[in-house]
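Novice: Residue numbers for the sequence shown follow this note's numbering, so the first one is 100 and each next one is one higher.
Quick reminder that beta carbons are idealized off the backbone N, C-alpha and C, glycines included.
Questions regarding the structure given below will be posed in turn.
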Amino acid sequence: MTPKKSSKKPQPKADIKAVDGKQLENQNELFPVVGIGASAGGLEAFMQLLSHLPIDTGMAFVIIQHMLPAQESLLGVILSRSTQMQVHEVTDGMAIAPNQIYVIPPNVSMTIDRGMLNLKPRGTGRGVFMSVDTFLLSLAEERGNKAIGVILSGGDGDGAQGLKAIKAAGGITFAQSQGSAQVSSMPNTAVATGQVDFILTPEKIAQKIAEIALHPYIADRHSTKSADSEDAIESKDAIARIYSLVRTATGARLKCQIVC
């Protein structure tokens, strides 16, 4: 007997690139990204912050340092001495992953889109080049309430607009305290916007980020709240911490500013 031909029409093959892109997008929704910007005096602040960060926060860290256009950068090599996390100098289209550090190369602007870091050559015009704002604005759009912005030592106002965008998106914002910054113009300009949640030393910024990482919404969105996580929320500064964690989890915009 001749077998009957199937009446089912062949299904079109799925677009593998589209599927892979969607999987990457879904995967990247699970972890926060911390954008850290600085200029003059930033190296010491970067090193202090990174040396006090746990290596398993579940977050990705992106470093944006002002550099001269023709400057050869050893920033990644230097920062790798302050942390056990892997440090990468960014290449165009690099996908980010949790518990990794990404350093902007010289003479480019950098943005983030769908979990990938994109580089463009720096313009040749004489206008002010705001590399920190450029990245943080894209981070706010990319991660929303999973965006964290940090402004460290520097001599201009770069980063202030980026922090405002992150705050508007429900993210969390930090600035280095004036007394701890070698050059305070950059963090002070950010603070003057009224959109900075925490004004801290680099060491305490790292500690606060580590506390945020313990929240169950960040640590594991697919598990129930553990006793350890509940204990982590109870401390002397519980009000400030709960404020930041609730806003991270829900996007609720509460007004609070902590100076230390």
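What residues in its chain sit with their C-beta under 7 Å from that of residue 268, if we drop five residues either side in the sequence?
Specialist: Numbered from its first residue, the sequence shown carries residue 268 at position 169. 239, 243, 244, 246, listed in sequence order.
Novice: Which value, in whole angstroms, describes the spacing of the CA atoms of residue 315 and residue 222?
Specialist: Mapped onto the sequence shown, residue 315 falls at position 216. Mapped onto the sequence shown, residue 222 falls at position 123. Distance between the alpha carbons of residue 315 and residue 222 is about 42 Å.
Novice: Do you know how far the Cα of residue 157 is from the Cα of residue 149?
Specialist: Reading the sequence shown from its first residue, position 50 is the one you call residue 149. Reading the sequence shown from its first residue, position 58 is the one you call residue 157. Taking the straight line from one Cα to the other gives about 14 Å.
Novice: CB residue 164 to CB residue 142, shorter than 9 Å?
Specialist: Locating residue 164 in the sequence shown gives position 65, where the first residue counts as 1. Locating residue 142 in the sequence shown gives position 43, where the first residue counts as 1. In contact: residue 164 and residue 142 (Cβ atoms closer than 9 Å).
Novice: Do residue 256 and residue 285 have their CB atoms nearer than 9 Å?
Specialist: Translated into positions along the sequence shown, residue 256 becomes position 157. Translated into positions along the sequence shown, residue 285 becomes position 186. Yes, the Cβ-Cβ distance between residue 256 and residue 285 is below 9 Å.
Novice: For residue 146, which residues from the same chain have a beta carbon less than 7 Å from its beta carbon, with the 5 sequence-adjacent residues on both sides left out?
Specialist: The count along the sequence shown starts at 1 and reaches residue 146 at position 47. Only 178, 181 meet the Cβ criterion.
Novice: Tell whether a beta-carbon distance below 9 Å holds between residue 248 and residue 273.
Specialist: Taking the sequence shown and counting its residues from 1, one reaches residue 248 at position 149. Taking the sequence shown and counting its residues from 1, one reaches residue 273 at position 174. Result yes, Cβ atoms of residue 248 and residue 273 sit closer than 9 Å.
Novice: Using only alpha-carbon positions, find the residue among 264, 173, 241 that is nearest to residue 204.
Specialist: If you number the sequence shown from 1, residue 204 lands on position 105. Among 264, 173, 241, the Cα nearest to that of residue 204 is on 173.
Novice: Just to check, is the beta-carbon of residue 258 closer than 8 Å to a non-hydrogen atom of the ligand FMN?
Specialist: This structure lacks the ligand FMN, and indeed carries no ligand of any kind.
Novice: Can you tell me which residues form a DSSP beta bridge with residue 219?
Specialist: What you label residue 219 is simply residue 120 of the sequence shown in a count that begins at 1. Looking at the DSSP assignment, residue 219 forms a beta bridge with 208.
Novice: To the nearest angstrom, how far is the alpha carbon of residue 282 from that of residue 252?
Specialist: On the sequence shown, position 183 is the one that residue 282 refers to. On the sequence shown, position 153 is the one that residue 252 refers to. Distance between the alpha carbons of residue 282 and residue 252 is about 5 Å.
Novice: Nearest to residue 134 by CA position, among 161, 306, 183, is which residue?
Specialist: Translated into positions along the sequence shown, residue 134 becomes position 35. Here the closest residue by C-alpha is 161.
Novice: Using the Cα positions of residue 291 and residue 263, report the straight-line distance between them to the nearest angstrom.
Specialist: On the sequence shown, position 192 is the one that residue 291 refers to. On the sequence shown, position 164 is the one that residue 263 refers to. Those two C-alpha atoms are separated by around 11 Å.
Novice: Looking at the structure shown, is residue 176 part of a helix, part of a strand, or coil, going by DSSP?
Specialist: Here residue 176 is taken as the residue at index 77 of the sequence shown, counted from 1. Three-state result, residue 176: helix.
Novice: Determine the DSSP secondary structure at residue 250, reduced to helix, strand or coil.
Specialist: Translated into the one-based positions of the sequence shown, residue 250 becomes position 151. Strand, per DSSP.
Novice: What's the gap between the Cα of residue 275 and the Cα of residue 144?
Specialist: For the purposes of this step, residue 275 is taken as residue 176 along the sequence shown, with counting starting at 1. For the purposes of this step, residue 144 is taken as residue 45 along the sequence shown, with counting starting at 1. If you take the alpha carbons of residue 275 and residue 144, they lie about 9 Å apart.
Novice: Put residue 161 into one of helix, strand or coil per three-state DSSP.
Specialist: In the sequence shown, counting from the first residue as 1, residue 161 sits at position 62. In the structure shown, residue 161 sits in a strand (DSSP, three-state: E or B).
Novice: For the beta strand (DSSP E) containing residue 292, name the first residue and the last one.
Specialist: Reading the sequence shown from its first residue, position 193 is the one you call residue 292. No beta strand (DSSP E) contains residue 292, which DSSP labels as neither H nor E.
Novice: Along the alpha helix (DSSP H) that carries residue 272, what are the first and last residues, could you check?
Specialist: For the purposes of this step, residue 272 is identified with residue 173 of the sequence shown, where counting begins at 1. Where residue 272 is concerned, there is no enclosing alpha helix (DSSP H), although the beta strand (DSSP E) it sits in stretches over 271-275.
Novice: When you compare only the Cα positions, how much space is there between residue 132 and residue 305?
Specialist: The count along the sequence shown starts at 1 and reaches residue 132 at position 33. The count along the sequence shown starts at 1 and reaches residue 305 at position 206. Distance between the alpha carbons of residue 132 and residue 305: 14 Å.
Novice: Ends of the beta strand (DSSP E) at residue 256?
Specialist: As a working mapping, residue 256 is identified with position 157 in the sequence shown. No beta strand (DSSP E) holds residue 256; DSSP gives it neither H nor E.
Novice: Between which residues of its own chain and residue 195 is the CB-CB distance below 8 Å, once the five residues before and five after are set aside?
Specialist: Position 96 of the sequence shown, counting from 1, holds the residue named residue 195. Here the set comprises 127, 132, 159, 161, 201, 211, 214, 215, 216.
Novice: Roughly how far, in whole angstroms, is the beta-carbon of residue 270 from the beta-carbon of residue 234, given that I think they are within contact range, below 8 Å?
Specialist: Residue mapping note: residue 270 aligns to position 171 of the sequence shown, counting from 1. Residue mapping note: residue 234 aligns to position 135 of the sequence shown, counting from 1. That pair is no contact at about 13 Å.
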